[in-house]
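J.: Quick one: this structure, given as structure tokens, is what I'll be asking you about.
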Amino acid sequence: MSDILGLINLQCPNTMKELSEKRPLASEPFGAKFRLMDFALSNMVNAGIDTVGLILPFHSRSVLDHVRSAKEWDLARKQHGLYYLPMDEEEEIRNPQEGDIYSYYKNLRYVEAGQRRYLLLSGCDVVANINYEEVLHFHRKHNANITLVYKKQDADCPGEGYVLKTKANGHVTGMKKAESVKKDENLFLGAVLIDCELFLRMIRRANFGGNWKFFNEVLADNVDNLRIFGFSVKGYAKRINSIDSYFQSSMDMLKLENWREIFHQDNRIYTKIKDEAPAKYMEEARVTNSLVANGCIIEGTVENSILFRKVRVGRNAVIRNSIIMQNTNIGEDANLNYVICDKDRDIQPEAVLEGTEKEPLCVIKHEVR
Amino acid sequence: MQRTECLAMILAGGKGSRLGVLTKNVAKPAVLFGGKYRIIDFTLSNCRNSGINTVGILTQYQPLELNWYIGNGSSWDLDSEHGGAFILPPYMNDKDSSNWYQGTADAIYQNLNFMDMIDPEYVLVLSGDHIYSMDYAKMLAFHKKHKAKATVSTIQVPLSEASRFGIMNTDPNLRIREFEEKPKNPKSTLASMGIYIFNKEVLKEYLIADAERKDSDHDFGKNVIPAMLNDKLPVFAYPFEGYWKDVGTFESLWQANMDLLADDPPLSLNDPNWRIYAGNHSYPPHYVGPQGQLQSSLVGEGAAISGKVSHSVIFYNVVVEEGAKVTNSVILPGTVVEKDAVIDRAIIGERCRICAGVQIQGTNTEVAVYGNDETVKAAKGKGAK
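So, in structure tokens, the structure goes:
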């Protein structure tokens, strides 16, 4: 039995409303086959964590449809396994974006019943293959009360985020919310390893004390009282907080070394199995620098693009610098450049859709009312 | 528990000796096919898609990888409360000591206990060696409609090949009047596919009788069906139309793979109403590099293609490096084709390393074949080994 209890908060603010008004960020498709929540779930499972709670977002249909029994993550067990932690009426009235403390408070029973030494709390907006066993080792080595996982930025990163100030040994001496994160700053990736007892105490106190936000109220206030350490992720790690970062991070996967590091190492990223046939390239297909999922049938030209499962590319169609999600048909002679196309769409023959690198054109799904 | 109406028994003990290095460590039903599948996936998917949820799989030769692959049958949705996938290896009982399956009929005979335990009304006997999509529910409906005691699934074959099969003559109602196993001078081109439906009690009776006969080969085609015809039992021929292939040789295995590459292939892997299920490995979508070129090919997950691939079947996790050229070939999982290597008309085994610059060339009559885990520094002599 693992010493760590997993808890994933899927109530991330939806920062990609251009693509989908209602779909939670956790369910956004990524990397030609996956959804963003797959990273958080798989990273936990790969560290031997056998009990994971999912705090569900308000629109949870897509999450439930994706995870189902959690068999793909080997979490469909007789004991332990996956626990869905749904919203209740009261919570619907509160806006989860105003703070996460109440979501944790309401689910403290899950943490207590888990009876583990540590809690690993994670969000669902990061693309990374993180080895949490190393994080635990680091946590113990430093005798830390809390370990925060961060990535030192190799370039400026637009959009707000939490920045950690650390000493050379990793000791966190300050944390703050920043409007945008600069090169060489330490961006907090939303993963916290904390002693369960401490978590329970902190959340109870915070809830009664009227605090709303775990990171920038509760943790930030305790920097001087607790041993808080920062674990630096050395490999690829990017946070998705806008269409821009989503597009950039998707295109990063077209570099062989990133693709290998994120998806093709011993610790795999798991996702829902769909039993599609291998991708089929027809006589006239011309495909370069792309990711192509099973079930695709390609007759046209595809460059620098990402094709999810069951995408059909018609004859003479040209797709460049684009992301085409599951089960979309691209008609003959259509021409797409810098487009993000949602799933289940039909792009008419000869259609011309053109976005720019800075502003990809989003073709959205018909939303069910 | 619901009663099982029809139990499927899959004969999966075949050695597939003509597949040489490809069946060195696995039974023929576990041979890889089509970029993702193993041969037995087609039969198992047919069962699942035909609504048959209880399947016995009779294994014998090199069963480890096959058993591991089938597991509890969950990949084919067979892990249900009302059914299941049951691996049935030969086992010892109190009657005698030598218990290898002596023939197709003997294999089923030795599992009469299992059949009684499930207690179905009908037994569907299948082979795990064939590549085809078939709705067994239609054959069962045919069997019931004709009030048959046994039904043989049949397909028309060219006269030139007829002597490789069990060949039969039927009356206009499709009742079988004559059945000859591998005749020298075939009288018709209606061939048995080795797929049978029996009323369970009738099957049991004939298997017990057959087991006692010392002169019997304990084979369905040679002994059991002729015995039933001899007794004037109503045995019918179910006419199957469609793609059906026994991939017993390198050439036929290679050809069946190539058949998938047609624009409109005779066997569809993409039919949403007839999915072909297979074991899954959680590999990512495949990667095509800036210099990659792919035409008329199938490519599995986790592959990284930086070279030129045409008219080929590329399995999961294959790497084709820059400058390499793969044509008219089947590359099994995990193999690396290094820079500037050239492969034409070949089947390359799993986890091989085809070193930089090596040229492998099959001929029009013989595909070049390499087994698993080989490092190829220079091509062998022409053609297959």
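Just so you know, the protein sequences line up as chains A and B, in that order. Okay, so the first sequence: first residue is 0 according to numbering that gives the first Met the number 0, each after it adds one. Okay, so the second sequence: first residue is 0 according to numbering that gives the first Met the number 0, each after it adds one. Heads up, the beta-carbon is just placed ideally off N, CA and C, and yes, glycines get one too.
For chain B, find out if any of its Cβ atoms is closer than 8 Å to the Cβ of MET281 of chain A; answer yes or no.
T.: Here residue 281 of chain A corresponds to residue number 282 of the first sequence, with the count starting at 1. Chain B contact via Cβ: present.
J.: Using a beta-carbon distance below 8 Å, is GLY382 of chain B in contact with chain A?
T.: Position 383 of the second sequence holds residue 382 of chain B. Note that GLY382 of chain B scores 42 on pLDDT, short of 50, meaning its location in the model is unreliable and no value can be drawn from it.
J.: Tell me, please, whether the CB atom of VAL367 of chain A is closer than 8 Å to any CB atom in chain B?
T.: The residue you call residue 367 of chain A lines up with position 368 of the first sequence. Any reading at VAL367 of chain A is ruled out, since the residue's pLDDT is 43, under 50, leaving its predicted position unreliable.
J.: Do the segment 266-284 of chain A and the segment 298-318 of chain B touch if we need at least three Cβ pairs shorter than 8 Å?
T.: yes
J.: In chain order, what residues of the segment 71-83 of chain A put their CB closer than 7 Å to some CB of chain B?
T.: Taking 7 Å as the Cβ-Cβ cut-off against chain B, none of the residues of the segment 71-83 of chain A qualify.
J.: By Cβ distance below 7 Å, which residues in the same chain neighbour VAL351 of chain A in space, the five residues on each side in sequence not counted?
T.: For this step, residue 351 of chain A is matched to residue 352 along the first sequence. Once the five neighbours on either side are set aside, the close Cβ partners of VAL351 of chain A are ASN334.
J.: Are the CB atoms of VAL362 of chain A and VAL338 of chain A within a distance shorter than 8 Å?
T.: Position 339 of the first sequence, counted from the start, is the residue given in the question as residue 338 of chain A. Position 363 of the first sequence, counted from the start, is the residue given in the question as residue 362 of chain A. Yes. Within cutoff.
J.: Going by other Cβ atoms of all chains shown within 10 Å of its Cβ, with 16 needed for buried, is ILE207 of chain B buried or exposed?
T.: Within the second sequence, numbered from 1, the residue matching residue 207 of chain B stands at position 208. By the 10 Å Cβ count, ILE207 of chain B comes out exposed.
J.: How long is the line joining the alpha carbons of VAL201 of chain B and LYS364 of chain A, rounded to whole angstroms?
T.: Numbered from its first residue, the second sequence carries residue 201 of chain B at position 202. Numbered from its first residue, the first sequence carries residue 364 of chain A at position 365. The alpha-carbon atoms of VAL201 of chain B and LYS364 of chain A are separated by roughly 57 Å.
J.: I want to know whether the segment 182-193 of chain B touches the segment 160-172 of chain B - three or more CB-CB distances under 8 Å.
T.: yes
J.: Taking the beta strand (DSSP E) that PHE239 of chain B belongs to, which residues open and close that run?
T.: Taking the first residue of the second sequence as position 1, residue 239 of chain B is located at position 240. Unbroken run through PHE239 of chain B: none, as it is neither H nor E.
J.: Of all Cβ atoms in chain A, is any one closer than 8 Å to the Cβ of TYR286 of chain B?
T.: Taking the second sequence and counting its residues from 1, the one referred to as residue 286 of chain B is at position 287. It does; some Cβ of chain A falls within 8 Å.
J.: Assuming ARG163 of chain B contacts LYS181 of chain B under a Cβ cut-off of 8 Å, what Cβ separation, rounded to an integer in Å, is found between them?
T.: As a first step, residue 163 of chain B is located in the second sequence; it is residue number 164 there, counting from the start. As a first step, residue 181 of chain B is located in the second sequence; it is residue number 182 there, counting from the start. Between LYS181 of chain B and ARG163 of chain B the Cβ distance is about 7 Å, and since that is below 8 Å, they are a contact.
J.: Go to VAL243 of chain A, then tell me how far its alpha helix (DSSP H) extends in each direction, as first and last residue.
T.: Within the first sequence, numbered from 1, the residue matching residue 243 of chain A stands at position 244. First, the amino acid is wrong: residue 243 of chain A is Asp here, not Val. Residues 242-251.
J.: Rounded to whole angstroms, how far is the Cβ of SER41 of chain A from the Cβ of ARG267 of chain A, which I believe are closer than 8 Å?
T.: If you number the first sequence from 1, residue 41 of chain A lands on position 42. If you number the first sequence from 1, residue 267 of chain A lands on position 268. So it is a contact: roughly 7 Å between Cβ atoms.
J.: Compare the Cα-Cα distances from LEU10 of chain B to each of B:TYR108, B:SER74, B:ASN24 and report the closest residue.
T.: Walking along the second sequence from the start, residue 10 of chain B turns up at place 11. Considering only alpha carbons, the answer is B:TYR108.
J.: With DSSP collapsed to three states, give me the class of VAL367 of chain A.
T.: Position 368 of the first sequence, counting from 1, holds the residue named residue 367 of chain A. Summary for VAL367 of chain A: the model assigns pLDDT 43, below 50, so the residue's position carries little reliability; its value from the coordinates is reported in the next sentence. Coil at VAL367 of chain A, not helix or strand.
J.: Tell whether a beta-carbon distance below 8 Å holds between SER74 of chain B and GLY278 of chain B.
T.: Along the second sequence, one-based indexing puts residue 74 of chain B at 75. Along the second sequence, one-based indexing puts residue 278 of chain B at 279. Yes; because the gap between Cβ atoms is below 8 Å, this pair is in contact.
J.: Using a Cβ-Cβ distance under 8 Å, would SER49 of chain B count as near chain A?
T.: By one-based count along the second sequence, residue 49 of chain B stands at place 50. Answer no: the Cβ-Cβ gap between SER49 of chain B and chain A never drops below 8 Å.
J.: DSSP three-state call for ALA355 of chain B: helix, strand or coil?
T.: Your numbering for residue 355 of chain B matches position 356 in the second sequence. DSSP places ALA355 of chain B in coil when its eight states are reduced to three.
J.: Closer than 8 Å by beta-carbon distance: list the chain A residues that pair up with ILE275 of chain B, in chain order.
T.: Residue numbering aside, residue 275 of chain B sits at position 276 when the second sequence is read from its first letter. Simply ASP274, ALA276.
J.: Can you tell me the Cβ-Cβ gap for ILE346 of chain B and VAL375 of chain B, rounded? I've got them flagged as a contact below 8 Å.
T.: Locating residue 346 of chain B in the second sequence gives position 347, counting from the first residue. Locating residue 375 of chain B in the second sequence gives position 376, counting from the first residue. With 8 Å as the limit, ILE346 of chain B and VAL375 of chain B do not qualify as a contact, their Cβ atoms being about 13 Å apart.
J.: Quick one: which unbroken alpha helix (DSSP H) runs of 4-plus residues sit fully inside the segment 124-203 of chain B? Chain order, please.
T.: 135-144
J.: So for SER19 of chain A, helix, strand or coil by DSSP?
T.: In the first sequence, residue 19 of chain A corresponds to position 20, counting from 1. Coil at SER19 of chain A, not helix or strand.
J.: Please confirm whether PRO283 of chain B has its beta-carbon closer than 8 Å to some beta-carbon of chain A.
T.: Against the second sequence, residue 283 of chain B aligns to sequence position 284. Closer than 8 Å: yes.
J.: So with Cβ pairs under 8 Å, would you call LYS32 of chain A a contact of chain B?
T.: Taking the first sequence and counting its residues from 1, the one referred to as residue 32 of chain A is at position 33. So, interface residue.
J.: Tell whether a beta-carbon distance below 8 Å holds between ILE38 of chain B and VAL319 of chain B.
T.: One-based indexing of the second sequence puts residue 38 of chain B at position 39. One-based indexing of the second sequence puts residue 319 of chain B at position 320. Pairing ILE38 of chain B with VAL319 of chain B gives a Cβ-Cβ distance that is not under 8 Å.
J.: Check whether the Cβ atoms of LEU119 of chain A and ILE48 of chain A lie closer than 8 Å to each other.
T.: By one-based count along the first sequence, residue 119 of chain A stands at place 120. By one-based count along the first sequence, residue 48 of chain A stands at place 49. Between LEU119 of chain A and ILE48 of chain A, the gap from beta carbon to beta carbon is short of 8 Å.
J.: Taking 8 Å as the cut-off, decide whether the C-beta atoms of VAL151 of chain B and ILE175 of chain B are in contact.
T.: What you label residue 151 of chain B is simply residue 152 of the second sequence in a count that begins at 1. What you label residue 175 of chain B is simply residue 176 of the second sequence in a count that begins at 1. Contact flag set, yes.
J.: Any contact of the segment 139-146 of chain A with the segment 222-231 of chain A, i.e. 3+ C-beta pairs under 8 Å?
T.: In short, these stretches touch, since the Cβ pair count reaches three.
J.: Using 10 angstroms around the beta-carbon of MET174 of chain A, count the other beta-carbons present and answer buried if the total reaches 16, otherwise exposed.
T.: Here residue 174 of chain A refers to the residue found at position 175 when the first sequence is read from its first residue. Classification for MET174 of chain A: buried.
J.: So, using beta-carbon positions, are ALA367 of chain B and ALA340 of chain B closer together than 8 Å?
T.: Locating residue 367 of chain B in the second sequence gives position 368, counting from the first residue. Locating residue 340 of chain B in the second sequence gives position 341, counting from the first residue. No.
J.: Looking at GLN59 of chain B and PRO28 of chain B, is the spacing between their C-beta atoms short of 8 Å?
T.: Locating residue 28 of chain B in the second sequence gives position 29, where the first residue counts as 1. Locating residue 59 of chain B in the second sequence gives position 60, where the first residue counts as 1. No, they are not a contact pair.
J.: Below 8 Å on the Cβ atoms is my guess for VAL54 of chain B versus GLY72 of chain B; work out the distance and round it to an integer in Å.
T.: As a working mapping, residue 54 of chain B is identified with position 55 in the second sequence. As a working mapping, residue 72 of chain B is identified with position 73 in the second sequence. Going by Cβ atoms, the distance from VAL54 of chain B to GLY72 of chain B rounds to 7 Å, so yes, they are a contact pair.
J.: For ASP262 of chain B, return the contacting residues in chain A, with the cut-off set at a CB-CB distance below 8 Å.
T.: Walking along the second sequence from the start, residue 262 of chain B turns up at place 263. Residues of chain A passing the Cβ test: MET281, GLU282.
J.: How far does the alpha helix (DSSP H) with ILE202 of chain A in it reach, from first residue to last?
T.: Counting from one through the first sequence, the residue named residue 202 of chain A turns up at place 203. ILE202 of chain A -> alpha helix (DSSP H) spans 195-207.
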